[in-house]
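Undergrad: According to the working numbering, the sequence shown is numbered sequentially starting from 41.
Just so you know, even glycine gets a beta-carbon here, dropped at the ideal spot from N, CA and C.
Predicted model only: the values in this text are computed from it and were never measured.
Have a look at this one before I ask anything.
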Amino acid sequence: MSRVCELTGKKAMVGNNVSHAMNKTKRKFDANLVKKRFYIPEEDKWVTLKVSTSALKTINKIGITAALKEARAKGFYK
């Protein structure tokens, strides 16, 4: 499975390693993802999601139901 957040769509970005001599080589900045189980009381079931840590903060703030609804509207979650 790819390293993409299932709620926000965050994924790896590309940049450069820069040495003291200013030599540049390509590198990848991965998204900070964690695998987490959430209980959805409306559906009375547990779901396992791979989410970014910023998405975890959003879930703590607005709740898992609202976060899933928002992700479905944006097309990130089925």
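(1) In angstroms, rounded to a whole number, what distance separates the CA positions of residue 115 and residue 49?
(2) Looking at the strands, I want to know which residues DSSP matches up with residue 55.
(3) Reducing DSSP to helix, strand and coil, say where residue 48 ends up.
(4) By Cβ distance below 8 Å, which residues in the same chain neighbour residue 107 in space, the five residues on each side in sequence not counted?
(5) To the nearest angstrom, how far is the alpha carbon of residue 62 from that of residue 53?
TA: In this structure, then:
(1) As a position in the sequence shown, residue 115 is number 75, starting the count at 1. As a position in the sequence shown, residue 49 is number 9, starting the count at 1. Residue 115 and residue 49: Cα-Cα distance of roughly 9 Å.
(2) Locating residue 55 in the sequence shown gives position 15, counting from the first residue. BP columns for residue 55 point to 67.
(3) Position 8 of the sequence shown, counted from the first residue, corresponds to residue 48. Residue 48: coil per DSSP, three-state reduction.
(4) Here the question's residue 107 lines up with position 67 in the sequence shown. Excluding sequence neighbours, residue 107 sits near 47, 95, 98 and 99.
(5) Within the sequence shown, residue 62 is the residue found at index 22, counting from 1. Within the sequence shown, residue 53 is the residue found at index 13, counting from 1. Using only the alpha carbons, I get a separation of about 20 Å.
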